[in-house]
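Notes for the one structure printed next.
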Amino acid sequence: MGHIRKLAGEIGVRVQGTNGEFLGSRYIARKFRVMGYEVDIQKFTADGQTSRNVIAYKPDGMSDRFVIGAHMDSVRGSPGANDNASGVAVMLEVARLIANNHRAKFIKFVAFGSEEYGGNGVHHVGSATYVARRTDRSRRRIPGMISVDMVADGRPLLVGTAGIGPDVVAKTLFRKIKATGIDVAYRTLCDCSDNGPFERAGIPGAFMWSGLEPNYHDPSDTVANLSRRDVRRSGRALLAFVRALKRDMITRFRQY
Ligand SMILES: [Zn+2]
Numbered sequence: 002m003g004h005i006r007k008l009a010g011e012i013g014v015r016v017q018g019t020n021g022e023f024l025g026s027r028y029i030a031r032k033f034r035v036m037g038y039e040v041d042i043q044k045f046t047a048d049g050q051t052s053r054n055v056i057a058y059k060p061d062g063m064s065d066r067f068v069i070g071a072h073m074d075s076v077r078g079s080p081g082a083n084d085n086a087s088g089v090a091v092m093l094e095v096a097r098l099i100a101n102n103h104r105a106k107f108i109k110f111v112a113f114g115s116e117e118y119g120g121n122g123v124h125h126v127g128s129a130t131y132v133a134r135r136t137d138r139s140r141r142r143i144p145g146m147i148s149v150d151m152v153a154d155g156r157p158l159l160v161g162t163a164g165i166g167p168d169v170v171a172k173t174l175f176r177k178i179k180a181t182g183i184d185v186a187y188r189t190l191c192d193c194s195d196n197g198p199f200e201r202a203g204i205p206g207a208f209m210w211s212g213l214e215p216n217y218h219d220p221s222d223t224v225a226n227l228s229r230r231d232v233r234r235s236g237r238a239l240l241a242f243v244r245a246l247k248r249d250m251i252t253r254f255r256q257y
């Protein structure tokens with residue numbers, strides 16, 4: 002909740018390429034560094050402005066790692082508490098909980114910039130940049146990706162692909178969440194989050210979401226309208242997958 006209060010409460014609106022998004026990225030990078038992660042800032046142009054991805058990883062780990070991502074930008078006029086300070090907070094807290102675990106070396110945590118549509122009608126620019134800047138070999142070897150996006154609005158979790166790439170990661174994520182007793186449904190979802198560009202590159206992607214809600218892309222997407230209980234629920238859900246991640250699972254994901 003502290004991360005959400007900072008991002009959506011103090012910093013507020015974080016439109017791509019604006020100072021709000023920059024301040025969000027700086028906060029997230031600082032948190033990852035305090036946990037002992039290396040941080041790379043990947044800059045790119047979105048709708049004529051400089052935007053960035055914050056990429057955190059433990060040194061000396063596996064190359065071409067599993068990606069856990071959450072976008073940090075919001076739309077104009079919306080503080081983006083559920084969309085998507087909630088996903089960033091869940092990602093940061095899972096990163097903290099596994100910081101000293103060997104599984105941290107299988108993963109890159111990425112806070113994506115410019116997920117939302119720019120004035121030019123283009124979306125998912127941060128995640129598309131992340132995928133495009135890999136070599137062909139590296140793209141083939143990325144085992145999978147989970148986008149955590151809008152996960153604390155009082156609704157049950159939904160897990161699925163965008164209907165484009167292999168479903169092995171989404172199915173596995175669904176099973177691991179289900180096994181914890183958390184209410185979750187498997188569905189093929191929209192191409193409306195950062196798993197889209199990964200799936201288009203043939204990488205098994207998953208979208209962890211709780212669906213559209215009344216405060217979506219509205220000034221009312223505030224900390225006060227967030228479900229604190231669901232932040233915890235979504236954190237437990239992602240942690241269940243991360244704690245189950247093993248080298249042979251990664252090998253299996255790479256075969257798709
Ligand atoms: Zn979003």
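Numbering-wise (my numbering), the sequence shown opens with residue 2 and increments by one. Where is the CB? At the ideal position from N, CA and C, for every residue including glycine. Fair warning: this is a prediction, and the values are worked out from it, not measured in the lab.
- With a cut-off of 7 Å, give the chain-ordered residues whose Cβ is closer than this to any heavy atom of ligand 1. My final list is His-72, Asp-84, Asn-85, Glu-116, Glu-117, Asp-150, Met-151, Ser-194.
- Message: Between which residues of its own chain and Gly-13 is the CB-CB distance below 6 Å, once the five residues before and five after are set aside?
- Response: Pro-80, listed in sequence order.
- Task: Taking Asn-20 as part of the beta strand (DSSP E), name the residues at either end of that continuous run.
- Result: Careful: Asn-20 lies outside any beta strand (DSSP E), inside the alpha helix (DSSP H) at 20-35.
- Query: Which whole-angstrom value describes the C-beta separation of Val-224 and Ala-9, a residue pair presumed to lie in contact below a C-beta threshold of 8 Å?
  - Reply: A Cβ-Cβ distance of about 5 Å is found for the pair Val-224 and Ala-9, placing them in contact under the 8 Å criterion.
- By the 10 Å Cβ neighbour count, where 16 or more other Cβ atoms means buried, how is Asp-61 classified, buried or exposed? Within 10 angstroms of the beta-carbon of Asp-61 lie fewer than 16 other beta-carbons, which makes it exposed.
- Task: Round the Cβ separation of His-72 and Asn-83 to the nearest angstrom and send it over; I've been treating them as touching at under 8 Å.
- Result: His-72 to Asn-83, Cβ: 12 Å. No contact.
- Name the one or two DSSP bridge partners that Arg-156 has. According to DSSP, which records beta bridges pairwise, Arg-156 is partnered with nothing at all.
- Task: Enumerate, from N- to C-terminal direction, the unbroken alpha helix (DSSP H) stretches of 4 or more residues contained entirely within the segment 74-155.
- Result: Correct list: 87-98, 126-133, 137-142.
- Rounded to the nearest angstrom, how far is the Cβ of Asp-65 from that of Ser-139, given a contact under 8 Å? Taking a contact as a CB-CB distance under 8 Å, the pair Asp-65 and Ser-139 counts as one, their CB atoms being some 5 Å apart.
- Message: In chain order, what are the residue ranges of uninterrupted alpha helix (DSSP H) at least 4 long that sit wholly in the segment 196-255?
- Response: With a minimum length of 4 residues, the continuous alpha helix (DSSP H) runs that stay inside the segment 196-255 are 196-201, 229-245, 248-255.
- Within its chain, find whatever has a CB closer than 8 Å to the CB of Leu-24; leave out the 5 residues flanking it on each side and keep chain order. So the qualifying residues of the chain are Ile-12, Arg-15.
- Would you list the one or two residues that DSSP bridges to Ile-183? The partner list for Ile-183 (beta bridge, DSSP) is empty, contrary to what the question assumes.
- Rounded to whole angstroms, what's the CA-CA distance from Glu-214 to Gln-50? Just pull it up for me. Taking C-alpha positions only, Glu-214 is separated from Gln-50 by approximately 29 Å.
- Message: Mapping the DSSP letters down to three states, classify Val-170 as helix, strand or coil.
- Response: In this structure, Val-170 counts as helix in the three-state DSSP scheme.
- Inspect the beta-carbon positions of Asn-196 and Ala-163 and report whether they are closer than 8 Å. In contact: Asn-196 and Ala-163 (Cβ atoms closer than 8 Å).
- Item | Range of the contiguous beta strand (DSSP E) that encloses Asp-41 | For Asp-41, the enclosing beta strand (DSSP E) starts and ends at 39-47.
- Message: Rounded to whole angstroms, what is the Cα-Cα separation between Asp-231 and Pro-157?
- Response: Their backbone Cα atoms lie some 9 Å apart in a straight line.
- Classification of Thr-173 by the beta-carbon crowding that lies within 10 angstroms, buried from 16 upward: Buried: at least 16 other Cβ atoms inside 10 Å.
- Item | beta strand (DSSP E) segment containing Tyr-257, residue limits | No residue range can be given for Tyr-257, since it is assigned to no beta strand (DSSP E) and is classified by DSSP as neither H nor E.
- Item | Neighbourhood of Arg-6 by C-beta distance below 6 Å, restricted to the same chain and skipping five residues each side | Excluding sequence neighbours, Arg-6 sits near Val-224.
- Item | Supposed close pair Phe-155, Thr-189 - CB separation, criterion 8 Å | Inspection of the sequence shows that residue 155 is occupied by Gly rather than by Phe. No, Gly-155 and Thr-189 are not in contact; Cβ-Cβ is about 23 Å, not under 8 Å.
- Just checking, does the segment 110-125 make contact with the segment 34-50 on the three C-beta pairs under 8 Å criterion? Contact annotation: the segment 110-125 touches the segment 34-50, with at least three C-beta pairs closer than 8 Å.
- Task: Kindly indicate which three-state DSSP category Arg-66 falls into: helix, strand or coil?
- Result: It is coil, neither helix nor strand.
- Cα separation between Gly-18 and Val-40? For the pair Gly-18 and Val-40, the Cα-to-Cα distance works out to about 19 Å.
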